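Before any comments, here is the structure.
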Amino acid sequence: MHKENTNPLVSIIIPCYNYDQYIEKCIQSVLNQTYKSIEVIVVDNGSTDDSLEKIRTFSHDPRVVIIELKENIPPGSGTNSAFRIAFNKSNGSYIGVLYADDWYLPDKIEKQMELFSQCVSSVGVVYCHGYRYFEKDKTKIEFKQQSVRGYVFKDYLKEGNIVIPISPLVKRCCYEIIGLNNLWTGSEYDFFMMSQYVDFDYVDENLVVMRIHNNNDAKNTLSVYERVKLFHSIALSDSNTVLRGEGLINKRVASDFIAYGLTFTVKMDMNHARDAIIKAIKAYPVCIFKPKVIASLSLSFLPNIVSKYLLTVLGKSPDIKSDI
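The sequence shown begins at 1 in full-length UniProt numbering and counts up one residue at a time.
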C-alpha cells in the first residue's frame, strides 16, 4: 500500500454568491473539522447581499483566505472562473469544493484522509455519502449516488452522477491532469473527467449535508441545461473520451437529454422539451421507441392548453428518470 505524508494540507474552496443566510455555517463546518491541517479559501463572487460582511468575520482566523471579486463570474466562465482563481491561491495537496449553502459533518475530512493513507497511489478521488436537508420543513434524509470504487468512468456513463458534488476530496494533481481552463471547471463535471485517469474510493458514511431550498442553482433548470449541452458538445465529443467510453457515450448523452426533456415537459416549457428530446434521438436513435420519449415529443407539438390538460388527466408528473 502507498502511504501518504502525515497530515498533508487540505484546501477547501467555498464559492459564495448571495448566500448571506448560509455562509457562516458553511465556513464554520470546515473550521470545526477534527482534521486540523486545513485552509479555507472563500470566494465572494460579487455578492450583492451581506455575504461579504459575514465572510469577513472570519478574517482573524489564519486558516481562512478571503477572495473578494467585484463582479459576479457566472458558471461556465472557464479561465476566469471563481474556482480557478481560488485554486491558484490554494496550497493544499488535497482539494475539496463546498457550496456556500451546504456543510460538512465534523469528521468528514479526517475519515477521507485516513482512507487516502491506506489506498494505493492510483486513487485520486475519495468521496462519501450524505444527507439532503429540506429547509422548508427542516427534515433530513440520507442521500447517496453510487457506491463504486476503482476505475469508475464507465459507471459514470451507465449511471450518471457517481458522487454527491460536495463530497469528494481530490488529490491536487487530478486538477492538473484535467486542466483548469475548461468551461465547466469547478463543477461536478470535473469528477467525471477525472474518472478517466484515476481510481476512486469512498467512505461508506454520511459526512456531508446538501441544503435544499428555493434558491438552489440546480432548480434553475434552463441554466443547468445550457451547461449540460456545453459539456456534452465539448467534453463528450473528445476523441479519447469517446474511445474510452466504448459505445456508452451516446447512450449517456441521450439519457441526460431525455431527463431534461421530461422535466421541461412537466414545467410546460415545450420548446426546450422538444429541443432536448430531439437531441436525445440524434445521439441515440433507438430511444425514439421509448414511450416516455414519444409522449414528451408529442406533447411538445400540441398547443400548451392541450398539453396541460393531458398532463392533468394523467394525474401525475411523468417519471423523469431516463433508463436507456
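Even glycine gets a Cβ: it sits at the ideal position worked out from N, Cα and C. Predicted, not measured: the structure shown is a model, and the values here were computed from it.
CA nearest to the CA of residue i, picked from the options
{"i": "E53", "options": "V40, I67, P62 and R63", "result": "I67"}
{"i": "D190", "options": "I166, F143 and H213", "result": "I166"}
{"i": "S59", "options": "N271, E39, E71 and D275", "result": "E39"}
{"i": "V30", "options": "T48, M270, R63 and N161", "result": "R63"}
{"i": "Y99", "options": "S223, S237, Q145 and Q28", "result": "Q28"}
{"i": "Q21", "options": "P8, T6, S47 and L9", "result": "S47"}
{"i": "L230", "options": "Y202, A276 and R244", "result": "A276"}
{"i": "N250", "options": "L262, N271 and C287", "result": "C287"}
{"i": "T265", "options": "E176, C173 and V306", "result": "V306"}
{"i": "I177", "options": "N161, M194 and L169", "result": "M194"}
{"i": "residue 358", "options": "L248, E226 and Y225", "result": "The displayed coordinates of the chain run from 1 to 324. Any statement about residue 358 would go beyond what the structure contains."}
{"i": "Q146", "options": "E135, I164 and I278", "result": "I164"}
{"i": "L169", "options": "K144, V148, V123 and G150", "result": "V123"}
{"i": "Y151", "options": "K144, I162, E142 and P15", "result": "I162"}
{"i": "T139", "options": "L105, N181, L69 and H213", "result": "H213"}
{"i": "Y309", "options": "Y104, P15 and M268", "result": "M268"}
{"i": "S81", "options": "P15, K144 and Y19", "result": "P15"}
{"i": "E188", "options": "V224, D199 and I23", "result": "V224"}
Alpha helix (DSSP H) segment containing residue i, residue limits
{"i": "Y197", "result": "No alpha helix (DSSP H) contains Y197, which DSSP labels as neither H nor E."}
{"i": "H272", "result": "M270 to A283"}
{"i": "Y225", "result": "T221 to I234"}
{"i": "R149", "result": "Element bounds for R149: n/a, residue is neither H nor E."}
{"i": "K290", "result": "Where K290 is concerned, there is no enclosing alpha helix (DSSP H), given that its DSSP letter is neither H nor E."}
{"i": "residue 361", "result": "With the chain covering 1 to 324 only, the question about residue 361 has no answer from this structure."}
{"i": "N91", "result": "First-last for N91: undefined, no H or E at that position."}
{"i": "D155", "result": "F153 to E159"}
{"i": "I23", "result": "I23 to L31"}
Where residue i falls: helix, strand or coil (DSSP)
{"i": "T312", "result": "helix"}
{"i": "L169", "result": "strand"}
{"i": "I12", "result": "strand"}
{"i": "F143", "result": "strand"}
{"i": "N45", "result": "strand"}
{"i": "F58", "result": "coil"}
{"i": "E205", "result": "strand"}
{"i": "E135", "result": "coil"}
{"i": "E39", "result": "strand"}
{"i": "R244", "result": "helix"}
{"i": "I249", "result": "helix"}
{"i": "I73", "result": "coil"}
{"i": "V126", "result": "strand"}
{"i": "G261", "result": "helix"}
{"i": "Y104", "result": "strand"}
{"i": "I212", "result": "strand"}
{"i": "D190", "result": "helix"}
{"i": "I162", "result": "coil"}
{"i": "D50", "result": "coil"}
{"i": "S237", "result": "helix"}
{"i": "E4", "result": "Confidence at E4 is low in this model, with a pLDDT of 48, below 50, so its placement is unreliable and no value can be given for it."}
{"i": "N304", "result": "helix"}
{"i": "A254", "result": "helix"}
{"i": "Y175", "result": "helix"}
9 Å Cβ cutoff, residue i in contact with chain B
{"i": "L98", "result": "As a matter of chain content, chain B is missing from the structure shown, which is built from one protein chain."}
Residue i and residue j closer than 9 Å at C-beta
{"i": "D61", "j": "R211", "result": "no"}
{"i": "F153", "j": "Q118", "result": "no"}
{"i": "P75", "j": "G186", "result": "yes"}
{"i": "K25", "j": "I95", "result": "no"}
{"i": "S11", "j": "I55", "result": "no"}
{"i": "S93", "j": "P8", "result": "yes"}
{"i": "V228", "j": "Y260", "result": "yes"}
{"i": "V126", "j": "L115", "result": "yes"}
{"i": "Y17", "j": "D44", "result": "yes"}
{"i": "L222", "j": "H272", "result": "yes"}
{"i": "D137", "j": "V148", "result": "no"}
{"i": "L262", "j": "K282", "result": "no"}
{"i": "L157", "j": "G245", "result": "yes"}
Range covered by the beta strand (DSSP E) that runs through residue i
{"i": "L69", "result": "V64 to L69"}
{"i": "G96", "result": "Y94 to V97"}
Could you tell me whether the region 26-45 touches the region 108-120, where touching means 3 or more Cβ pairs closer than 8 Å? Yes, since at least three Cβ pairs between the region 26-45 and the region 108-120 fall closer than 8 Å, the two stretches touch.
Is it true that the region 123-137 meets the region 203-211, where meeting means three or more beta-carbon pairs spaced less than 8 Å apart? The region 123-137, when compared against the region 203-211, does touch it at the 8 Å Cβ threshold.
Does the region 301-312 come close enough to the region 247-255 to have 3 or more Cβ pairs within less than 8 Å? No contact exists between the region 301-312 and the region 247-255.
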